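Let me begin by presenting the structure, written as structure tokens, before commenting on it.
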Amino acid sequence: MHRVLITDSLSKAGLKVLEQTPGIEVVIRSGLTPQQVREELKSVDAIIIRSGTTLTAEILEGQERLKCIARAGVGVDNINLEAATRAGVLVMNTPSGNTISTAEHTFAMMLALSRNIGPAHASMKAGKWDRKSFQGTQLAGKTLAVLGLGRIGLSVAARARAFEMNVLGYDPLISEEKCKELGIQLFRDVDEIVTRCDYLTVHTPLTEETRGIINAERLAKMKKGVRIINCARGGIIDEQDLAAAIESGHVAGAALDVFVDEPPTDRRLVDLPKVLATPHLGASTDEAQEMVSIEAAELVVAYLQRNEIRCAVNMAPVSAQEMVELQHYLNLCYRLGLLSAQMIRGQGLKTAEVVYRGDAAARKTRLLTNAFTAGLLEGALDESVNVINATSVAQARGIHIRESATGDCENFASMVSVIVETGQGRFEASGTIFGNQFMRLVRLNEFQFEAYLDGLLLIYRHRDVPGVIGFIGTHLGEDNVNIAQMALGRRSQAPGGAAAAILNLDSTPSAETLSKIRAYQPDTKVDIVRLPPANAGLPWLTAR
Ligand code: NAD
Ligand code: MLT
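Counting in our numbering, the final residue of the sequence shown is number 659, and the numbers go up one at a time with none missing.
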């Protein structure tokens, strides 16, 4: 049973999706303190939040059961993504469900600001009939600057065009052609666009780059009488600088849906008569809430029950079908990681490279490399390592994992090779998948094999002379250890040279037996490697 925690108010439609899914238990808790959220997370597999819950590093660190976070909405600035990734937790959002509602709210705010709807309404409600104090401005013919031409920015721009406004835009990630097609004049310089507009609206995420992108200096460059709208995130426009510009009369007014602190603790800006304010209502429509809650619930179910990754903000997407097709490759790479880790034990891992050949090269290799990295690191670390956090765990330890792809696949249709550099040398192994499902180790350093990659492996390096295998078999037999499979490989075709054997054993030989086997020839080397059983799935995939 997968448990899904909900800590913010979520539309009934989304709850219904969860409640009607067999194998899902919904846990609703509201008004939790950060400490309580941390405690609740210990016993759930997923959490769905809106903007009311903040998931800090302190809350996310060490969460062992939590597998995913779904944000019913766009902004993930209330989730510490780095901490979630470090903890191996998938983070997803529902990027498009509230676009139209937020664009409409932005437009409602712009119209209301222009026509003084807020103060006129308050005056009427106070029993007055004042037709002189609330003269406004028309939108048609005015110039609107849109900072951030993503989903919402473009929807606002389209509505502004319908209102006969001239639309200017600034966004580093949009093409000139797209803007031309939509009737938007594109600027590549914020300092220039701000000088040209009568209205300015921001629709970027809040990032280090956009925090305070509209500040005292840029406000001063704007035309006197400019009107400013923020329905994106508090802090994109510096609140104190905006308050000062309104108080001085340079800015005619502002319409704000979002604030640095929600609710705002400093009332200087909100209390100004020229400021129209709403309490973060951009996405608060029946339609948007229904859409984002259904979407968030579906994302969680798809991940928990089918390992499907959609709308992830800390990982590439993988459909359920792709995940099914990838399972054997993921497993192969994970096992090559486990094998490498045990073969280089104590040598000091420096770097590793994964080379994909043939069919493997056409797969989602980033994910496969993460599976290899998870296997390579998991035994040495206290924390759990999975495909989501593998790269960041390796990077944090200064271990560089490269990947490359080549069409050359030697004698196989597909092959994955791993090369691990250590303080004492280099270890190489290659694996393949036969018949779309059978994993085989086909190379170990200079030796070629066709060995099983599961269970307990005894890897034996020796000189290729008669009697060696019989000797090992006799000693294992005396120790009551059964040999399930065996593969032999030698460096050259002629006997007498270096050779290796991989024996899959049904139980662990005693230390005494191992030392007898080791002592057979002076250059004998014996390693014991433990891999998962043949049919074991991946430990960190939520659905098997
Ligand atoms: P989006 O990702 O589709 O668009 C964001 C755009 O901002 C992108 O095109 C990106 O290239 C651009 N951008 C990033 N950095 C920039 C920079 N330095 N300068 C200019 N442009 C930059 O996101 P969206 O869905 O359109 O959402 C936009 C904002 O609205 C987000 O902050 C989101 O959190 C917020 N939002 C608020 C509400 C609300 O209730 N008020 C609802 C939904 C979304
Ligand atoms: C969002 O990021 O989607 C919005 O801020 C809406 C919300 O969370 O209510």
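Glycine included, each C-beta is placed from N, C-alpha and C at the ideal position.
These figures come from a predicted structure and were not determined experimentally.
query = Are the CB atoms of residue 398 and residue 622 nearer to each other than 8 Å?
reply = As a working mapping, residue 398 is identified with position 283 in the sequence shown. As a working mapping, residue 622 is identified with position 507 in the sequence shown. No, Cβ-Cβ distance for residue 398 and residue 622 is not below 8 Å.
query = Based on the DSSP output, what are the partners of residue 207 in its beta bridges?
reply = As a first step, residue 207 must be located in the sequence shown, where it is residue number 92. Note: residue 207 sits in a beta bridge opposite 185, 427.
query = Between residue 479 and residue 508, which are expected to be in contact by the criterion C-beta below 8 Å, what is the C-beta distance as a whole number of angstroms?
reply = Within the sequence shown, residue 479 is the residue found at index 364, counting from 1. Within the sequence shown, residue 508 is the residue found at index 393, counting from 1. The pair is not a contact, with the Cβ atoms about 19 Å apart (cut-off 8 Å).
request  = Give the secondary structure of residue 635 by DSSP, where H, G and I count as helix, E and B as strand, and everything else as coil.
outcome  = Numbered from its first residue, the sequence shown carries residue 635 at position 520. If DSSP states are grouped into helix, strand and coil, residue 635 belongs with coil.
request  = Find the nearest neighbour of residue 618 within the set 641, 636, 637, judged by alpha-carbon distance.
outcome  = For the purposes of this step, residue 618 is taken as the residue at position 503 of the sequence shown. Nearest C-alpha to residue 618: 641.
task = Check whether the stretch 356-376 touches the stretch 322-337, counting contact only when three or more Cβ pairs, one atom from each stretch, lie closer than 8 Å.
result = A contact exists between the stretch 356-376 and the stretch 322-337.
key: Inter-residue Cα distance where the pair is residue 555 and residue 440   = On the sequence shown, position 440 is the one that residue 555 refers to. On the sequence shown, position 325 is the one that residue 440 refers to. Taking the straight line joining both Cα atoms gives about 17 Å.
ask   = Would you say residue 346 touches the ligand NAD, meaning its beta carbon is less than 7 Å from a heavy atom?
value = Translated into positions along the sequence shown, residue 346 becomes position 231. Residue 346: yes, Cβ under 7 Å from the ligand NAD.
inquiry  = Please state the DSSP three-state secondary structure of residue 586.
reply    = Taking the first residue of the sequence shown as 1, we reach residue 586 at position 471. Residue 586: helix per DSSP, three-state reduction.
request  = Mind listing, in chain order, the continuous beta strand (DSSP E) runs of no fewer than 3 residues lying wholly within the stretch 250-282?
outcome  = For the stretch 250-282, whole beta strand (DSSP E) runs of length 3 or above, ordered along the chain, are 258-262.
query = Which residue from 122, 647, 211, 598 puts its Cα closest to that of residue 403?
reply = As a working note, residue 403 is residue 288 in the sequence shown. In terms of CA proximity to residue 403, 211 leads the group 122, 647, 211, 598.
ask   = Around the ligand MLT, which residues pass a check of Cβ closer than 5 Å to any of its heavy atoms?
value = Cβ-based neighbours of the ligand MLT within the cut-off: 165, 166, 188, 189, 190, 398.
Identified DSSP bridge partners for residue 642 = The sequence position of residue 642 within the sequence shown is 527, counting from 1. Bridge partners of residue 642: 574.
task = Output the boundary residues of the beta strand (DSSP E) element that contains residue 537.
result = Numbered from 1 along the sequence shown, position 422 holds the residue referred to as residue 537. Segment 529-537, the beta strand (DSSP E) holding residue 537.
message = Distance check for residue 648 and residue 519, CA to CA, integer angstroms please.
response = Along the sequence shown, one-based indexing puts residue 519 at 404. Along the sequence shown, one-based indexing puts residue 648 at 533. Within the model, the alpha-carbon separation for residue 519 versus residue 648 is close to 29 Å.
query = What's the C-alpha gap between residue 265 and residue 321?
reply = Reading the sequence shown from its first residue, position 150 is the one you call residue 265. Reading the sequence shown from its first residue, position 206 is the one you call residue 321. One Cα belongs to residue 265, the other to residue 321, and the distance between them is close to 13 Å.
query = Nearest-angstrom Cα distance between residue 483 and residue 466?
reply = Counting from one through the sequence shown, the residue named residue 483 turns up at place 368. Counting from one through the sequence shown, the residue named residue 466 turns up at place 351. Cα to Cα, residue 483 sits roughly 17 Å from residue 466.
message = Please tell me whether, using a cut-off of 7 Å, the distance from the CB of residue 285 to the nearest non-hydrogen atom of the ligand NAD is below it.
response = Stepping through the sequence shown from its first residue, residue 285 is reached at position 170. At least one heavy atom of the ligand NAD lies closer than 7 Å to the C-beta of residue 285.
key: Bridge partner(s) assigned by DSSP for residue 390   = Against the sequence shown, residue 390 aligns to sequence position 275. Within the DSSP bridge table, the entry for residue 390 names 369 as partners.
ask   = With a CB to CB cut of under 7 Å and the five nearest residues on each side skipped, what residues in its chain are close to residue 200?
value = To locate residue 200, count along the sequence shown from 1; it is residue 85. Contacts found: 429, 503, 504, 507.
task = Compute every distance between the C-beta of residue 213 and the non-hydrogen atoms of the ligand NAD, then say whether any falls below 7 Å.
result = Here residue 213 refers to the residue found at position 98 of the sequence shown. Flag set: Cβ of residue 213 near the ligand NAD.
query = Is it the case that the CB of residue 390 approaches a heavy atom of the ligand NAD more closely than 7 Å?
reply = As a first step, residue 390 is located in the sequence shown; it is residue number 275 there, counting from the start. Here the distance from the Cβ of residue 390 to the nearest heavy atom of the ligand NAD is not below 7 Å.
query = With a Cβ-Cβ cutoff of 8 Å, do residue 594 and residue 529 count as a contact?
reply = For the purposes of this step, residue 594 is taken as residue 479 along the sequence shown, with counting starting at 1. For the purposes of this step, residue 529 is taken as residue 414 along the sequence shown, with counting starting at 1. Against a cut-off of 8 Å, the Cβ pair of residue 529 and residue 594 comes out as no contact.
request  = With DSSP as the reference, label residue 441 as helix, strand or coil.
outcome  = For the purposes of this step, residue 441 is taken as the residue at position 326 of the sequence shown. Of the three classes helix, strand and coil, the one that applies to residue 441 here is helix, per DSSP.
query = Just curious, the beta strand (DSSP E) that residue 345 is in, first and last residue?
reply = Counting from one through the sequence shown, the residue named residue 345 turns up at place 230. It spans 341-345 - the beta strand (DSSP E) in which residue 345 sits, taken as one unbroken run.
message = Using C-beta distances below 7 Å, list every residue in its chain close to residue 252, excluding the 5 sequence neighbours before and after it, in chain order.
response = The sequence position of residue 252 within the sequence shown is 137, counting from 1. Once the five neighbours on either side are set aside, the close Cβ partners of residue 252 are 229.
message = For a minimum of 4 consecutive residues, which ranges assigned as the alpha helix (DSSP H) are wholly contained in the stretch 535-566?
response = Counting only runs of 4 or more, we get nothing.
key: Spatially closest choice to residue 536 from 460, 638, 207, by CA coordinates   = Translated into positions along the sequence shown, residue 536 becomes position 421. That would be 460, whose Cα lies nearest to the Cα of residue 536.
request  = Sort 180, 213, 173 by Cα distance to residue 189 and report the nearest one.
outcome  = The residue you call residue 189 lines up with position 74 of the sequence shown. It is 213 whose Cα lies nearest to the Cα of residue 189.
key: Own chain residues within Cβ distance below 8 Å of residue 238, not counting five before or after   = Working through the sequence shown from its first residue, we reach residue 238 at position 123. Cβ within range, chain order: 245, 248, 249.
key: Three-pair Cβ contact test at 8 Å for the stretch 445-464 versus the stretch 486-498   = Yes, they touch.
request  = Please state whether DSSP places residue 165 in a helix, a strand or coil.
outcome  = The count along the sequence shown starts at 1 and reaches residue 165 at position 50. Here residue 165 carries a coil assignment [DSSP, helix/strand/coil].
task = Just the C-alpha distance for residue 298 and residue 396, rounded to the nearest angstrom, thanks.
result = By one-based count along the sequence shown, residue 298 stands at place 183. By one-based count along the sequence shown, residue 396 stands at place 281. Straight-line Cα distance between these residues: approximately 28 Å.
query = Does the ligand NAD have a heavy atom nearer than 7 Å to the CB of residue 372?
reply = As a working note, residue 372 is residue 257 in the sequence shown. Flag set: Cβ of residue 372 near the ligand NAD.
query = From which residue to which residue does the alpha helix (DSSP H) around residue 129 run?
reply = Locating residue 129 in the sequence shown gives position 14, counting from the first residue. In the DSSP annotation of this structure, the continuous segment of the alpha helix (DSSP H) that includes residue 129 starts and ends at 127-134.
Whole-number beta carbon distance between residue 644 and residue 458, since they are thought to touch under 8 Å = Counting from one through the sequence shown, the residue named residue 458 turns up at place 343. Counting from one through the sequence shown, the residue named residue 644 turns up at place 529. With 8 Å as the limit, residue 458 and residue 644 qualify as a contact, their Cβ atoms being about 7 Å apart.
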